[in-house]
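Asks: Heads up: the protein sequence lines correspond to chains W and S, in order.
Per this note's numbering, the first sequence runs over residues 96 to 333.
Per this note's numbering, the second sequence runs over residues 16 to 558.
The beta carbon of each residue, even a glycine, is placed where N, CA and C say it ideally should be.
Below is a structure I'd like to ask you about.
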Amino acid sequence: MAQVEQGALLYHSLCTSCHGEDGASVQGIDFGRGRFKRVASDADFLRLVNQGIPDTTMPAFDLRRREAENLLAFIRSLSETVAHASAAGDAARGRAIVEGKGGCLQCHRIQTKGSRLGPSLTAIGRVRPAARLEQSLLEPDAVVLTDHWFCKAVTRDGTSIEGRRLNEDRGTVQLIDSKERLISLNKADLREYTIIKTSAMPSYKDKLSPDEIRDVVKYLTTLKGLDAPAEASSSVSH
Amino acid sequence: MIRRALLLLALSAITLSAQVPFERLLNAAKEPQNWLTYSGDYQGWRYSSLDQITTANAKDLAVRWVFQARTSEKLQATPLVVDGVMYITEVPNNAYALDAATGQAFWEFNYRPDSARVCCGIVNRGLAILGDTLFMGTLDAHLLAIDAKTGELLWKTKVVEKAEDGYALVHAPLVVKDKVIVGPAGGELGIRGFLAAYDAATGKQVWRFNLVPEPGEPGHETWGGDSWKTGGAPIWLTGSYDPSLNLTYWGVGNPGPDWNGDVRPGDNLYSSSVVALDADTGKLKWHYQFTPHDVWDWDAAQIPVLVDMEWEGRPRKTMLWANRNGFYYALDRATGQFLKATPFVKQTWNVGFDEAGRPIKRIDAEPTVEGNQVYPGVQGGTNWYSPSYSPRTGMFYIPAWEDYYGLYNKFEQEYVPGRQYTGGSPRAAVRGSSGSTNLINTRDQEGGYGVVRAIDAKTGERKWDFEFMDVTDGGVLTTGGDVLFSGNREQYFYAIDARTGAELWKIYLGGNIRSGPITYEVNGTQYVTVASGNSLFTFTLKK
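Next comes the structure, spelled out in structure tokens:
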């Protein structure tokens with residue numbers, strides 16, 4: 096997983112309860128607009144996270160240096176997203192492209208729509224800043240997380256199996272294929288086996304206009320996770 | 016491997032549409048290669064017709080793979096197996112999809128409950144499946160829907176407003192048609208139990224049935240004063256379902272406080288009972304109370320076992336039930352009519368039954384301030400560990416505690432939300448809790464011991480016993496090969512001849528066995544899986 100994504104996981108588990116999803120919930124601080132109170136450098140940030148701020152509600156977190164750097168990368172990405180050209184995009188138009196001519200749901204899933212073959216996009220806006228989303232659309236091979244690698248196998252009888260690699264060890268590999276089957280293979284029984292480290296996604300550079308790319312990126316940044324309509328409405332006071 | 020790939024390709028027709036529609040659950044017995052519900056079927060039999068492993072070859076069983084829980088808590092779950100994929104849970108509320116043939120993982124799902132207050136051990140007993148969705152109850156009383164292909168959360172519904180008052184979901188949910196049915200545990204914390212059904216697609220509540228009736232509801236009059244407000248009646252285990260009657264049956268736990276009944280005069284419906292509810296509406300069709308005004312903590316936390324059989328010359332839809340109170344019951348499951356009850360272990364609380372099937376209690380069997388010796392003890396003649404019914408032998412197999420007594424005491428206790436509310440602290444010669452594992456046992460059978468007891472399902476007559484030194488928390492599985500599988504607190508897992516009780520094979524697993532075994536088949540090989548300690552062991556015949 097890339098640094099920003101690792102940082103996003105930390106941010107969502109440690110920081111959102113006070114700072115909010117967008118980093119603007121504490122008065123005088125707005126990560127998305129690069130507004131900090133006591134942090135002027137990376138060193139300040141790393142120190143503050145591990146020491147906390149006495150007499151305030153900001154606690155000390157026991158993070159390893161690498162974790163704190165990941166967290167910083169994510170916090171920095173929040174402001175990059177705000178500043179990104181896609182901020183002016185139109186999410187509704189982007190959604191129409193994603194669900195329509197972009198063909199994104201043929202491989203990706205958003206909420207309960209689309210295929211499970213590619214990585215889910217349901218919460219992509221929580222973990223991936225706009226610039227990285229744009230990069231993925233224009234140059235899919237630039238960064239491909241190992242979680243998203245595909246693989247291809249040919250069994251001894253010539254059956255070809257291809258899908259997203261879910262798990263692998265010396266002797267076996269587990270994958271999900273385009274028919275959404277969970278398949279486990281024993282490598283000793285394969286004639287060929289290859290990990291595909293490039294993206295299975297085509298570049299949208301020549302398929303969508305710059306405005307359309309901007310709209311799609313804008314829409315993707317709004318995807319923050321499950322719609323959970325049942326959460327509030329179904330319980331009966333007890 | 017080649018066969019395997021071909022098989023997977025052949026399965027594509029199933030996997031392209033919804034994976035496990037309701038029809039597959041209804042006909043689970045026709046696909047013994049899978050294990051689709053907590054008990055393997057809607058009838059609660061924990062029986063599989065698979066017969067590759069037989070009484071002749073069970074001696075050749077060997078470990079095939081092991082899954083170790085990521086958390087240090089004990090495993091009490093029964094896995095599901097669907098078309099070669101096993102789904103297993105661990106506490107607090109994590110789930111995994113594994114290759115059922117090798118144990119390798121396809122995905123993991125992690126959930127951290129907040130504000131969980133659990134009275135009696137942190138457990139999760141498993142999942143339900145419908146279509147491509149798995150369902151899990153959580154320790155903070157939420158019901159979750161999880162994508163069976165990816166492990167992604169699909170929806171999350173709060174089942175109780177204030178879980179911190181002691182409500183937790185610990186049993187595997189039951190799917191009926193398009194609904195998911197659950198009820199909360201917490202009978203030692205003064206909760207007020209219920210059963211509720213949720214729309215499987217959206218998580219919205221469809222119906223709710225109060226297991227402690229509120230003012231205006233029938234049965235409310237069985238609770239003196241305000242005692243209904245903390246009446247207990249929890250759900251610890253998955254219910255059963257009869258499609259021909261469209262009734263779902265659930266065993267209900269003890270009234271609260273457990274041992275001081277003085278504060279809750281009356282029968283305390285529907286505690287320590289079985290309720291039969293219309294699966295579409297949640298309306299009560301009938302109930303039978305095994306232990307009216309229970310003062311011994313004898314939850315009906317057992318699996319309702321549904322068997323059609325000839326009864327006194329005519330065919331009858333019966334429900335068979337080995338209860339914590341030490342009696343084995345047969346009821347008519349269409350009407351709730353009491354047919355018969357016979358003790359299956361030593362008991363000293365009951366002197367018989369009236370015509371309607373109401374037990375006649377001994378007057379001197381109640382808890383006292385000093386402590387009163389009564390059989391069975393507080394963990395009961397059996398408890399939540401699954402029994403099994405084999406249609407081949409006509410026998411009902413009970414993981415039982417024999418010659419086991421408790422010293423039942425009582426005291427006054429004020430109700431404080433979220434705190435223990437038991438009104439007593441009974442003792443026994445046997446350690447009740449299965450929470451930790453005994454490596455050393457210096458007891459003999461005095462004061463209680465475990466036994467897998469086979470009885471004639473119709474008459475309750477004892478057929479054979481397989482005795483242990485220590486007590487047992489292990490469920491029972493029977494198969495078409497007439498092999499019975501069970502384990503125990505002595506940390507062995509056994510294959511036993513289901514007809515004779517002869518030992519066929521055993522293995523020392525080094526951890527208490529606290530769940531029911533299952534069996535399934537992948538590519539022509541029969542597997543048997545059981546949890547022991549913090550690990551899940553899977554066996555096949557040696558190749």
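Can you list, in chain order, the residues of the region 150–165 of chain S whose Cβ is nearer than 8 Å to any Cβ on chain W?
Replies: Answer set for the region 150–165 of chain S: Asp162, Lys164, Thr165.
Asks: Mark Ser332/W as exposed unless 16 or more other C-beta atoms lie within 10 angstroms of its C-beta, in which case mark it buried.
Replies: Stepping through the first sequence from its first residue, residue 332/W is reached at position 237. The pLDDT assigned to Ser332/W is 34, lower than 50, so where the model puts this residue is not dependable, and the model offers no usable value.
Asks: Can you find a CB in chain W that lies within less than 7 Å of the CB of Glu381/S?
Replies: Taking the first residue of the second sequence as 1, we reach residue 381/S at position 366. It does not; no Cβ of chain W falls within 7 Å.
Asks: So, is Cys113/W buried or exposed, given that buried needs 16 or more other C-beta atoms within 10 angstroms?
Replies: Counting from one through the first sequence, the residue named residue 113/W turns up at place 18. Counting Cβ neighbours within 10 Å, Cys113/W comes out exposed, since fewer than 16 surround it.
Asks: Starting from Arg211/W, find everything on chain S with Cβ-Cβ shorter than 8 Å and list it in chain order.
Replies: If you number the first sequence from 1, residue 211/W lands on position 116. Simply Asp162, Lys164, Thr165.
Asks: Could you tell me which chain S residues have their CB closer than 7 Å to the CB of Thr176/W, listed as they occur along the chain?
Replies: Position 81 of the first sequence, counting from 1, holds the residue named residue 176/W. Residues of chain S passing the Cβ test: none, with the nearest at roughly 23 Å.
Asks: So which of Leu519/S, Ala472/S, Phe483/S, Lys164/S has the shortest CA-CA distance to Asn456/S?
Replies: Here residue 456/S is taken as the residue at index 441 of the second sequence, counted from 1. Checking every option, the nearest Cα to that of Asn456/S belongs to Phe483/S.
Asks: Using the beta-carbon of each residue, which ones in chain C are nearer than 7 Å to Leu168/S?
Replies: Of the protein chains in the structure, W and S, none is chain C.
Asks: Exposed or buried, Lys89/S, counting other C-beta atoms within 10 Å across all chains shown (16 or more means buried)?
Replies: Here the question's residue 89/S lines up with position 74 in the second sequence. With 16 or more other Cβ atoms within 10 Å, it is buried.
Asks: According to DSSP, which residues form a beta bridge with Val249/W?
Replies: Taking the first sequence and counting its residues from 1, one reaches residue 249/W at position 154. According to DSSP, which records beta bridges pairwise, Val249/W is partnered with Ser255/W, Glu287/W.
Asks: Among Arg61/S, Pro230/S, Ile144/S, Pro441/S, which one has its Cα closest to the Cα of Arg39/S?
Replies: Counting from one through the second sequence, the residue named residue 39/S turns up at place 24. Nearest C-alpha to Arg39/S: Ile144/S.
Asks: Would you report the Cα separation of Gln34/S and Gly146/S, rounded to the nearest angstrom?
Replies: If you number the second sequence from 1, residue 34/S lands on position 19. If you number the second sequence from 1, residue 146/S lands on position 131. When rounded, the distance between both Cα atoms is 5 Å.
Asks: For a contact meaning CB atoms closer than 8 Å, what does Thr217/W contact in chain S?
Replies: Along the first sequence, one-based indexing puts residue 217/W at 122. Within 8 Å Cβ-Cβ: Glu167.
Asks: Comparing alpha-carbon positions, which option in Leu318/W, Asp322/W, Val311/W, Lys319/W lies nearest Ala191/W?
Replies: On the first sequence, position 96 is the one that residue 191/W refers to. Nearest of Leu318/W, Asp322/W, Val311/W, Lys319/W to Ala191/W, Cα basis: Val311/W.
Asks: Which partner residues does Ser63/S have in the DSSP bridge list?
Replies: Locating residue 63/S in the second sequence gives position 48, counting from the first residue. Thr494/S, per the DSSP bridge assignment.
Asks: Could you name the residues of the same chain whose beta carbon sits closer than 7 Å to that of Arg18/S, not counting the 5 residues immediately before and after it, in chain order?
Replies: Start at 1 with the first residue of the second sequence, and residue 18/S comes out as number 3. Because the pLDDT of Arg18/S is 46, which lies under 50, any placement of that residue in the model is unreliable, and the number read from its coordinates should be weighed accordingly. The answer, listed in chain order, is Asn538.
Asks: Contact defined as beta carbons within less than 8 Å: I believe Ser294/W pairs with Asp242/W. What is the distance between those atoms, to the nearest angstrom?
Replies: Taking the first residue of the first sequence as position 1, residue 294/W is located at position 199. Taking the first residue of the first sequence as position 1, residue 242/W is located at position 147. Going by Cβ atoms, the distance from Ser294/W to Asp242/W rounds to 12 Å, so no, they are not a contact pair.
Asks: So Glu105/S and Ala120/S are in contact, right, with Cβ under 8 Å, and what is the actual spacing, rounded?
Replies: Numbered from 1 along the second sequence, position 90 holds the residue referred to as residue 105/S. Numbered from 1 along the second sequence, position 105 holds the residue referred to as residue 120/S. With 8 Å as the limit, Glu105/S and Ala120/S do not qualify as a contact, their Cβ atoms being about 12 Å apart.
Asks: Just checking, does the region 161–176 of chain W make contact with the region 97–110 of chain W on the three C-beta pairs under 8 Å criterion?
Replies: Touching, yes, given that three or more Cβ pairs across the two stretches are closer than 8 Å.
Asks: Indicate whether at least one CB of chain W lies closer than 7 Å to the CB of Asp241/S.
Replies: Position 226 of the second sequence, counted from the start, is the residue given in the question as residue 241/S. False, the Cβ-Cβ gap to chain W never drops below 7 Å.
Asks: Under 7 Å between C-beta atoms, does Gln269/W make it to chain S?
Replies: In the first sequence, the residue the question calls residue 269/W occupies position 174. Interface residue, yes.
Asks: I need the boundaries of the alpha helix (DSSP H) containing Ser294/W, first residue and last residue.
Replies: Position 199 of the first sequence, counting from 1, holds the residue named residue 294/W. Neither: Ser294/W is in no alpha helix (DSSP H) and is coded neither H nor E.
Asks: Helix or strand or just coil, what does DSSP make of Gly372/S?
Replies: Residue mapping note: residue 372/S aligns to position 357 of the second sequence, counting from 1. Looking at Gly372/S - three-state DSSP - the assignment turns out to be coil, as it is neither helix nor strand.
Asks: Taking CB distances under 7 Å as the criterion, tell me whether Leu104/W reaches chain S.
Replies: Walking along the first sequence from the start, residue 104/W turns up at place 9. It does not: the Cβ of Leu104/W has no partner Cβ on chain S nearer than 7 Å.
Asks: Which residue comes first and which comes last in the alpha helix (DSSP H) that contains Phe359/S?
Replies: Your numbering for residue 359/S matches position 344 in the second sequence. Phe359/S -> no alpha helix (DSSP H), and no H or E assigned at all.
Asks: In chain S, what lies closer than 8 Å to Thr207/W by C-beta?
Replies: Indexing the first sequence from 1 puts residue 207/W at position 112. Under the 8 Å cutoff, chain S gives Leu169.
Asks: Please determine, among Gln435/S, Ala156/S, Leu149/S, Glu123/S, the residue with the shortest C-alpha to C-alpha distance to Val138/S.
Replies: If you number the second sequence from 1, residue 138/S lands on position 123. Here the closest residue by C-alpha is Ala156/S.
Asks: Does DSSP classify Gly55/S as helix, strand or coil?
Replies: Translated into the one-based positions of the second sequence, residue 55/S becomes position 40. If DSSP states are grouped into helix, strand and coil, Gly55/S belongs with coil.
Asks: Alpha carbon to alpha carbon, what distance is there between Ala77/S and Trp222/S?
Replies: Here residue 222/S is taken as the residue at index 207 of the second sequence, counted from 1. Here residue 77/S is taken as the residue at index 62 of the second sequence, counted from 1. Each residue's Cα considered, the two are about 46 Å apart.
Asks: Taking the CB atoms as reference points, tell me whether Gly268/S and Trp251/S lie closer together than 7 Å.
Replies: Sequence index remark: in the second sequence, residue 268/S carries index 253 (1-based). Sequence index remark: in the second sequence, residue 251/S carries index 236 (1-based). Closer than 7 Å, so yes.
Asks: Taking Gln362/S as the reference, which of Val320/S, Ala345/S, Ala517/S, Trp313/S has the closest Cα?
Replies: Taking the first residue of the second sequence as 1, we reach residue 362/S at position 347. For Gln362/S, the nearest C-alpha among the options comes from Trp313/S.
Asks: Count the other CB atoms within 10 Å of the CB of Gly367/S; is the residue buried (16 or more) or exposed (fewer)?
Replies: Translated into positions along the second sequence, residue 367/S becomes position 352. Per the 10 Å Cβ criterion, exposed.
Asks: When DSSP labels each residue in this structure, what does Ser210/W get in the three-state scheme?
Replies: One-based indexing of the first sequence puts residue 210/W at position 115. Three-state result, Ser210/W: coil.
Asks: Measuring only the C-alpha atoms, how far is Leu143/W from Val134/W?
Replies: Counting from one through the first sequence, the residue named residue 143/W turns up at place 48. Counting from one through the first sequence, the residue named residue 134/W turns up at place 39. Cα-Cα distance, rounded: 8 Å.
Asks: Is Thr503/S buried or exposed, if buried means 16 or more other CB atoms sit within 10 Å of its CB?
Replies: Indexing the second sequence from 1 puts residue 503/S at position 488. The sequence shown places Asn at residue 503/S, rather than the Thr named in the question. With 16 or more Cβ atoms within 10 Å of its Cβ, Asn503/S is classed as buried.
Asks: Indicate, with yes or no, if the ligand GTP has a heavy atom lying under 6 Å from the CB of Gly152/S.
Replies: By its list of ligands, the structure shown contains no ligand whatsoever, and the ligand GTP lies outside what it can speak to.
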